[in-house]
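Colleague:
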Amino acid sequence: MTDIAIVDYGMGNLRSVQQALRAVAPEASIEVSGDPAVVARAGRVVFPGQGAMPDCMRELDARGLRAAVLQAARGKPFLGICIGLQMLFEHSAEGNIPGLGILEGSVVRFAADLRDGQGNKLKVPHMGWNQVRQIRPRPEGEDTLAPSPGGEGLGWGSAHGHPLWHGIAQDARFYFVHSYYVQPQDTALVQATSDYPQPFACAVARDNLFAVQFHPEKSQSAGLALLRNFVNWNPV
Amino acid sequence: MLAKRIIPCLDVTAGRVVKGVSFVQLRDAGDPVEIARRYDEQGADELTFLDITASSDDRGILFRIIEQVAEQVFIPLTVGGGVRQVEDVRNLLNAGADKVSINTSAVTNPQLVADAAARYGSQCIVVAIDAKQSAPGKWEVFTHGGRKATGLDAVAWAKKMQSLGAGEILLTSMDRDGQKTGFDLPLTRAVTDALEIPVIASGGAGTLQHLADGVKFGGADAVLAASIFHYGEYTVQQAKQFMAQQGIEVRL
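Here the protein sequences line up with chains A and B, keeping their order.
Heads up: the first sequence begins at 11 in the numbering used here, then just goes up one per residue.
Heads up: the second sequence begins at 447 in the numbering used here, then just goes up one per residue.
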């Protein structure tokens, strides 16, 4: 059985995702596959995406992968990356098309003529390294409290937010390249935001599913840490 | 907020990194895989590899270099030089490039930019523009490693490339390349003001102040440099700390 399947629907290069997963999980069998049966049998599924969402949706269906992706997103550790995050939602302004509808909400474009606080033009695509502000259930100051007796530090599942942030500094920078972003209807799903210049959701999670707008496979040590956390994640 | 990027550039020929002055007088700087790893450790935000000879023999060597780097370095890799058709883009992406830079062929066949962007997405298509000042406030595009004048205006050309689907512009001043006298700031400013997509300033960085000025006065989204890093004058980390002290947002 494949430990980790990277869903290949012919949109772009999945080699970097595979290399990065290999680096954090050298023992795992990792397969880039467009075969629905492989995706269905895999222990974990990574769902990447590049380019334009209408093309991604079309190719996903052309290869008969929709059902396998839907099933994986509902039943096993699942990581969406970039367009692989956007496709999970109901609707995208890119091409005005429906998405997979696993999560409620839509995908919208950054406004034209964005400016930062100093009045400088902000380019679209949003490209480069931006800070990722993890949503943590407890206030910021409490992160510095001493470890509780007998416990492993602060118990990152609670004070440090989602387990996929384990060991990743608050406001660590990740590599982004995108012109559209997601607006989840249920804001409780949001696990992190970035500013451009307004805050937007850059990570969402529900049950066994985690999805990010940035590229962990291209985000050096912070990205590898997130992938390592995903590989070790056992959601209930 | 989004950080300004520092991108070391590795000009590669026959499997070695080299650096010239105004596109000639090449000097050996070392093994590309080793250099790539060093820059990654120093905190480089991306790496750019330019195959400056792009002969068919060298092509295989370049692919092996990119493959090796992509196995060890997990930051975006841009590769350019000798990209003539969509298949070249595909081969480089498959070797491990995240972005492919198109220069001469964008001029001889602009449709290539449109086709490659449509097929693989604008996010992986960089158009490299080599520009030389032709009159005050005017710059002309050159191709073939700076040997051939095109008559094209650099700002208008950059806008056309954006409209065809380029995701980013790598803008090199031929007047400044290798001179270490600083980026051509008016050129950088003119192009970056005219575009919605990010612009990488290139050609001429000789001091850390030059890098900072490319962002502060040129308005660049990223700065690319070779010589100042290759020969150990400065590390990428030093460059970032310097820029941060000047109030520029960087990834430290």
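Every residue gets a Cβ at the ideal spot worked out from N, C-alpha and C, and that includes glycine.
Computed from a predicted structure; not experimentally measured.
(1) Are the beta-carbon atoms of Gly649 of chain B and Ile498 of chain B separated by less than 8 Å?
(2) Consider the Cβ of Leu70 of chain A: report whether some Cβ of chain B lies at a distance smaller than 8 Å.
(3) Whole alpha helix (DSSP H) runs in the region 517-596 of chain B with 4 or more residues, listed along the chain?
(4) Whose C-alpha, out of B:Ile521, B:Glu492, B:Ala541 and B:Arg530, is nearest the C-alpha of Arg510 of chain B?
(5) For Met97 of chain A, which residues of its own chain have a beta-carbon under 7 Å away from its beta-carbon, when the five flanking residues on both sides are left out?
(6) Report yes if the C-beta distance between Val587 of chain B and Ile571 of chain B is below 8 Å; otherwise report no.
(7) Run through DSSP, which three-state label would Ser609 of chain B get?
(8) Which of the three DSSP states, helix, strand or coil, is assigned to His676 of chain B?
(9) Between which two residues does the alpha helix (DSSP H) carrying Gly115 of chain A extend?
(10) Run through DSSP, which three-state label would Cys212 of chain A get?
(11) Tell me the rounded alpha-carbon separation between Val546 of chain B and Ala552 of chain B.
(12) Starting from the N-terminal side, write out each stretch of the beta strand (DSSP E) that is 3 residues or longer and does not extend beyond the region 637-682 of chain B.
(13) How close, in whole Å, do the beta carbons of Leu80 of chain A and Phe99 of chain A come, if the pair is a contact with beta carbons under 8 Å?
(14) Check whether the region 43-50 of chain A and the region 591-609 of chain B touch, using three or more Cβ-Cβ pairs below 8 Å as the test.
(15) Label Tyr677 of chain B either buried or exposed according to how many other C-beta atoms from any shown protein chain fall within 10 Å of its C-beta, with 16 as the threshold for buried.
(16) Is it true that the CB of Thr681 of chain B sits closer than 8 Å to the CB of Arg652 of chain B?
(17) Going along chain A in order, which residues have a C-beta closer than 9 Å to the C-beta of Glu517 of chain B?
(18) Quick one: complete beta strand (DSSP E) runs, 3+ long, within the region 174-198 of chain A?
(19) For the ligand GDP, any of its heavy atoms closer than 7 Å to the Cβ of Ala636 of chain B?
(20) Which residues share a DSSP beta bridge with Asp707 of chain B?
(21) Show which residues of chain A have a CB atom less than 9 Å away from the CB atom of Ile643 of chain B.
(22) Work out the CA separation of Gln29 of chain A and Gly489 of chain B for me, nearest whole Å.
(23) Could you tell me whether the Cβ of Phe520 of chain B comes closer than 8 Å to any Cβ of chain A?
(24) Can you list, in chain order, the stretches of the beta strand (DSSP E) that have 3 or more residues and sit fully within the region 20-80 of chain A?
(25) Can you tell me whether Ile452 of chain B is helix, strand or coil according to DSSP?
(26) What is the DSSP secondary structure of Met137 of chain A, reduced to helix, strand or coil?
Modeller: Well, looking at it:
(1) Here residue 649 of chain B refers to the residue found at position 203 when the second sequence is read from its first residue. Here residue 498 of chain B refers to the residue found at position 52 when the second sequence is read from its first residue. With a cutoff of 8 Å on beta-carbon distance, Gly649 of chain B and Ile498 of chain B are scored as not near each other.
(2) As a position in the first sequence, residue 70 of chain A is number 60, starting the count at 1. Chain B contact via Cβ: absent.
(3) As far as the region 517-596 of chain B is concerned, its whole alpha helix (DSSP H) runs of at least 4 residues are 532-541, 550-554 and 557-566.
(4) Position 64 of the second sequence, counted from the first residue, corresponds to residue 510 of chain B. Ranking B:Ile521, B:Glu492, B:Ala541 and B:Arg530 by CA distance to the CA of Arg510 of chain B puts B:Ala541 first.
(5) To locate residue 97 of chain A, count along the first sequence from 1; it is residue 87. The answer, listed in chain order, is Gly59, Met63, Cys66, Met67, Gly109 and Leu110.
(6) Along the second sequence, one-based indexing puts residue 587 of chain B at 141. Along the second sequence, one-based indexing puts residue 571 of chain B at 125. It is not a contact, given that the beta carbons lie outside the stated cut-off.
(7) What you label residue 609 of chain B is simply residue 163 of the second sequence in a count that begins at 1. In the three-state scheme derived from DSSP, where H, G and I count as helix and E and B as strand, Ser609 of chain B is classed as helix.
(8) As a first step, residue 676 of chain B must be located in the second sequence, where it is residue number 230. His676 of chain B: helix per DSSP, three-state reduction.
(9) Taking the first residue of the first sequence as 1, we reach residue 115 of chain A at position 105. Per DSSP, Gly115 of chain A belongs to no alpha helix (DSSP H); it is in the beta strand (DSSP E), Gly115 to Arg119.
(10) Within the first sequence, the letter at position 202 stands for residue 212 of chain A. Looking at Cys212 of chain A - three-state DSSP - the assignment turns out to be strand.
(11) Counting from 1 along the second sequence, the entry for residue 546 of chain B is found at position 100. Counting from 1 along the second sequence, the entry for residue 552 of chain B is found at position 106. Looking at the backbone, the Cα of Val546 of chain B and that of Ala552 of chain B are separated by about 12 Å.
(12) Taking only runs of at least 3 residues, the beta strand (DSSP E) segments lying wholly in the region 637-682 of chain B are 645-648 and 668-671.
(13) The residue given as residue 80 of chain A occupies position 70 in the first sequence. The residue given as residue 99 of chain A occupies position 89 in the first sequence. No, Leu80 of chain A and Phe99 of chain A are not in contact; Cβ-Cβ is about 13 Å, not under 8 Å.
(14) Inter-segment contact for the region 43-50 of chain A and the region 591-609 of chain B is absent: fewer than three beta-carbon pairs are separated by less than 8 Å.
(15) Counted from its first residue, the second sequence places residue 677 of chain B at position 231. Per the 10 Å Cβ criterion, exposed.
(16) Translated into positions along the second sequence, residue 652 of chain B becomes position 206. Translated into positions along the second sequence, residue 681 of chain B becomes position 235. Reading the sequence as shown, one finds Gly at residue 652 of chain B and not Arg. Taking the C-beta atoms as reference points, Thr681 of chain B is found no nearer than 8 Å to Gly652 of chain B.
(17) Numbered from 1 along the second sequence, position 71 holds the residue referred to as residue 517 of chain B. Within chain A, the residues near Glu517 of chain B are Gln29, Arg32 and Ala33.
(18) Runs of the beta strand (DSSP E) lying entirely within the region 174-198 of chain A and spanning at least 3 residues, in chain order: 183-188 and 190-194.
(19) Questions concerning the ligand GDP fall outside what the structure shown contains, since it holds no ligand whatsoever.
(20) Because chain B in this structure spans residues 447 to 698, residue 707 of chain B falls outside the shown range and cannot be described.
(21) Taking the second sequence and counting its residues from 1, one reaches residue 643 of chain B at position 197. Under the 9 Å cutoff, chain A gives Lys133, Val134, Pro135 and Met137.
(22) Residue mapping note: residue 489 of chain B aligns to position 43 of the second sequence, counting from 1. Residue mapping note: residue 29 of chain A aligns to position 19 of the first sequence, counting from 1. Within the model, the alpha-carbon separation for Gly489 of chain B versus Gln29 of chain A is close to 19 Å.
(23) Numbered from its first residue, the second sequence carries residue 520 of chain B at position 74. Cβ-Cβ to chain A under 8 Å: yes for Phe520 of chain B.
(24) Segments of the beta strand (DSSP E) lying fully in the region 20-80 of chain A: 40-43 and 54-57.
(25) Residue 452 of chain B sits at position 6 when you count from the first residue of the second sequence. Three-state result, Ile452 of chain B: strand.
(26) As a first step, residue 137 of chain A is located in the first sequence; it is residue number 127 there, counting from the start. Of the three classes helix, strand and coil, the one that applies to Met137 of chain A here is strand, per DSSP.
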